[in-house]
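Notes follow the structure.
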Amino acid sequence: MELRKLELIEVRVRLRSEFETSFGKTVERPAILVRVEEKGGEEGWAEVVADEGPWYSYETNETAWLVITKFIAGQLRTDVSARGFPALVSRIRGHNMAKAGVEMALWDLEARLNSRPLWRYIGGVRDRILSGVSVGIQPSLEQLVRVVSGYIEEGYGRVKIKIKPGYDVEPVRRLRKEFGEGLRLQVDANAAYTISDIDVFRELDKYGLLMIEQPLGWRDLVDHAELARHIRTPICLDESVQDLGDAKAAYLLGSALIINVKPPRVGGLGETLRIHDFWYGQLGRPIWIGGMLETGVGRGHLVAAATLPGVKYHSDISASSRYYEEDIVEPPWTLNKDGTISAPERPGIGVEVLSDKVYRMAKRRLEVPLAQGP
Ligand SMILES: [Mg+2]
Numbered sequence: 119m120e121l122r123k124l125e126l127i128e129v130r131v132r133l134r135s136e137f138e139t140s141f142g143k144t145v146e147r148p149a150i151l152v153r154v155e156e157k158g159g160e161e162g163w164a165e166v167v168a169d170e171g172p173w174y175s176y177e178t179n180e181t182a183w184l185v186i187t188k189f190i191a192g193q194l195r196t197d198v199s200a201r202g203f204p205a206l207v208s209r210i211r212g213h214n215m216a217k218a219g220v221e222m223a224l225w226d227l228e229a230r231l232n233s234r235p236l237w238r239y240i241g242g243v244r245d246r247i248l249s250g251v252s253v254g255i256q257p258s259l260e261q262l263v264r265v266v267s268g269y270i271e272e273g274y275g276r277v278k279i280k281i282k283p284g285y286d287v288e289p290v291r292r293l294r295k296e297f298g299e300g301l302r303l304q305v306d307a308n309a310a311y312t313i314s315d316i317d318v319f320r321e322l323d324k325y326g327l328l329m330i331e332q333p334l335g336w337r338d339l340v341d342h343a344e345l346a347r348h349i350r351t352p353i354c355l356d357e358s359v360q361d362l363g364d365a366k367a368a369y370l371l372g373s374a375l376i377i378n379v380k381p382p383r384v385g386g387l388g389e390t391l392r393i394h395d396f397w398y399g400q401l402g403r404p405i406w407i408g409g410m411l412e413t414g415v416g417r418g419h420l421v422a423a424a425t426l427p428g429v430k431y432h433s434d435i436s437a438s439s440r441y442y443e444e445d446i447v448e449p450p451w452t453l454n455k456d457g458t459i460s461a462p463e464r465p466g467i468g469v470e471v472l473s474d475k476v477y478r479m480a481k482r483r484l485e486v487p488l489a490q491g492p
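Here's what the structure looks like:
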């Protein structure tokens, strides 16, 4: 492959409804789309999922734009490969979402050049993935019940609700009462608690949750291990696992049984595969794939990751219409009647990016000069 172009396009997409987590509310989502192009004109697309503020991660759209244009592009040789990319940018510490934006665009490009769907290209084993829905914090429990019942009707096979202090045991109790033990239910705290809140988790432990996601600090592994010793519900880590090293430490300490792998959080699909091969391949433990309110572009990469053999739970990958009125890809991602999303057989991420629309929507756009090479 001979790379000849790297382009960044910032767009803003409005969510259908406000999404609230323990960090705050999101109404409009900024996204930096990354487009790479090789000599023959074939292209690859991906998305930087950093937000406006450093809430989920320290990265923001502004830092990602800066790091890609000022530091990553300069390392990007024209003979780069998706697998070789991490070594080229290893001098840059952190900034996984910025790195992942470029890395995943290279994976898409390579898969297209090989005329293969991305999911097959990375070793995926299933042509449909189990789709779960992530439900933000609701203004009332009545509203929560309404929203959840709507998603169950649409066919989602698992419900995850966001929790925060003061909005935790009650919503879970209410959902169990309304929908029974049969509902696949889990909670995500986005690191909103400390180990001194252990009684909240002892209480949640009574409700047959599939897992409790990231209850404690975003850099913590030690207190999670302590908490794990006191409850039966499996702990799932999200924010605390930034790379394979964190996964190994989590295993040695006993911090979690499950990992929600978000490819952008760990630097891209290469590190996703490494974590998968350790956690599932060596330990036999399950993972699943989380999302960051991606547009249809980023969603394509998530779908590919969710076809890996170690993905044993429903992933937070829902239909385009869950978040957006109109997507920027064609066809939009849709939910099958059986609560799955099909992994497309077309090359790359398997959907066409509506580039005219994307360019019309662009708040800014930049073609970044590449390093010379090889
Ligand atoms: Mg999470």
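Quick note: the sequence shown uses this note's numbering, first residue 119, plus one each step.
Note that the Cβ used here is the ideal one computed from N, Cα and C, for glycine as well.
Remember, it's a predicted structure, so these values are computed and weren't measured experimentally.
Neighbour-count burial assignment, residue i, 16 or more Cβ in a 10 Å radius
| i | result |
| --- | --- |
| Lys481 | exposed |
| His394 | buried |
| Gly162 | buried |
| His348 | exposed |
| Ser258 | exposed |
| Val469 | buried |
| Tyr269 | buried |
| Arg417 | buried |
| Pro487 | exposed |
| Lys295 | exposed |
Same chain, Cβ closer than 7 Å to residue i, neighbours up to 5 away in sequence not counted
| i | result |
| --- | --- |
| Ile313 | Leu334, Asp341, Glu344, Leu345 |
| Ala310 | Ser140, Lys282, Pro283 |
| Arg234 | Pro465 |
| Gly414 | Ser438, Asp445, Ile446, Val447, Pro450, Trp451, Val469 |
| Leu301 | Val277, Leu293 |
| Glu299 | Gly326 |
| Gly192 | Ala489 |
| Thr425 | Trp237, Gly242, Val243, Arg244, Ile247, Ala461 |
Contact under 8 Å by Cβ, residue i with residue j
| i | j | result |
| --- | --- | --- |
| Leu387 | His419 | yes |
| Val129 | Met479 | yes |
| Thr458 | Leu248 | yes |
| Val108 | Leu151 | The structure shown has nothing for residue 108, since the chain only spans 119 to 492. |
| Gln304 | Lys324 | no |
| Ser373 | Leu322 | no |
| Gly212 | Trp173 | no |
| Met222 | Ala164 | yes |
| Ile435 | Gly399 | no |
| Ile186 | Val131 | no |
| Met215 | Ser175 | yes |
| Val384 | Ile407 | no |
| Leu355 | Glu389 | no |
Bounding residues of the beta strand (DSSP E) (the contiguous stretch that carries residue i)
| i | result |
| --- | --- |
| Ser199 | No beta strand (DSSP E) holds Ser199; DSSP gives it neither H nor E. |
| Asn378 | 376 to 379 |
| Ile407 | 405 to 407 |
| Pro148 | 142 to 156 |
| Phe137 | 121 to 139 |
| Ser438 | Where Ser438 is concerned, there is no enclosing beta strand (DSSP E), although the alpha helix (DSSP H) it sits in stretches over 438 to 441. |
| Val167 | First-last for Val167: undefined, no H or E at that position. |
| Glu485 | 482 to 486 |
| Ile353 | 353 to 355 |
| Lys278 | 277 to 280 |
| Ser252 | 251 to 253 |
Among the options, nearest to residue i - alpha-carbon criterion
| i | options | result |
| --- | --- | --- |
| Asp169 | Arg392, Pro382, Gly428, Val471 | Pro382 |
| Ile190 | Ile330, Thr178, Pro204 | Pro204 |
| Val243 | Pro427, Lys295, Val290, Gly408 | Pro427 |
| Leu391 | Glu444, Leu411, Ile240, Glu412 | Ile240 |
| Asp474 | Thr178, Val447, Gly402 | Val447 |
| Gln332 | Ala307, Tyr176, Leu184 | Ala307 |
| Lys455 | Phe396, Glu271, Glu177 | Glu271 |
| Leu262 | Phe396, Leu133, Glu138 | Glu138 |
| Gly402 | Thr181, Gly142, Glu357, Tyr369 | Tyr369 |
| Tyr441 | Leu124, Glu125, Val145 | Val145 |
| Asp317 | Gly363, Glu412, Arg246, Asp286 | Asp286 |
| Arg337 | Met329, Pro352, Ala367 | Ala367 |
| Leu484 | Met119, Ser135, Leu126, Asp245 | Leu126 |
| Glu260 | Trp237, Leu236, Arg291, Val471 | Arg291 |
| Ile255 | Leu472, Ser135, Arg201 | Ser135 |
Extent of the continuous alpha helix (DSSP H) to which residue i belongs
| i | result |
| --- | --- |
| Ile270 | 259 to 272 |
| Ser460 | Not the alpha helix (DSSP H): Ser460 falls in the beta strand (DSSP E), residues 458 to 460. |
| Asp341 | 340 to 346 |
| Trp183 | 179 to 185 |
| Leu362 | 362 to 371 |
| Ile247 | Note, Ile247: premise wrong, no alpha helix (DSSP H); beta strand (DSSP E) at 246 to 248. |
| Val415 | 414 to 423 |
| Leu387 | 387 to 394 |
| Leu293 | 287 to 297 |
| Leu322 | 316 to 322 |
Own chain residues within Cβ distance below 8 Å of residue i, not counting five before or after
| i | result |
| --- | --- |
| Thr94 | In this structure the chain extends from 119 to 492, so residue 94 is not present and cannot be described. |
| Leu133 | Thr144, Val145, Glu146, Arg147, Leu411, Tyr441, Tyr442 |
| Val253 | Leu262, Val265, Val266, Tyr269, Val277, Lys278, Ile279, Lys280 |
Same chain, Cβ closer than 6 Å to residue i, neighbours up to 5 away in sequence not counted
| i | result |
| --- | --- |
| His432 | Leu248, Gly250, Gly275, Arg276 |
| Arg264 | none |
| Trp397 | Ala365, Ile377, Arg403, Ile405 |
| Gly230 | Note on identity: in this sequence residue 230 is Arg, with Gly being the wrong assignment. Taken in chain order, the residues that qualify are Glu160, Pro465, Gly466. |
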